[in-house]
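Student:
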Amino acid sequence: MHDGDGPEGACVLRLKDFKQLSGERSPSVESESHAKILNATSRGKPE
1 MHDGDGPEGA CVLRLKDFKQ LSGERSPSVE SESHAKILNA TSRGKPE
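As numbered in the UniProt record's numbering, the sequence shown has no gaps in its residue numbers, which increase by one up to the final residue, 47.
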């Protein structure tokens, strides 16, 4: 989301496979890299 976007600007993706779970807008081009960073930093923690 960017400044000025409301909840309708959200696109929710599942981190393990990037499947879009909700939201009407398409994921941003950065979505996959953000998910990879989140997955990498959460290794060793319970799911």
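Heads up, the beta-carbon is just placed ideally off N, CA and C, and yes, glycines get one too.
Would you mind giving the Cβ-Cβ distance between L13 and S31, rounded to the nearest angstrom? I have them listed as a contact below 8 Å.
Tutor: Residue mapping note: residue 13 aligns to position 13 of the sequence shown, counting from 1. Residue mapping note: residue 31 aligns to position 31 of the sequence shown, counting from 1. About 6 Å separates the two Cβ atoms, so the contact holds.
Student: Nearest by alpha-carbon distance to A40: which of G23, R25, L15, L21 is it?
Tutor: To locate residue 40, count along the sequence shown from 1; it is residue 40. Answer by Cα proximity: L15.
Student: By DSSP's criteria, C22 is part of a beta bridge. Which residues make up the other side?
Tutor: For the purposes of this step, residue 22 is identified with residue 22 of the sequence shown, where counting begins at 1. It is worth fixing the name first, because residue 22 is Ser in this sequence and not Cys. Its beta-bridge partners are V12.
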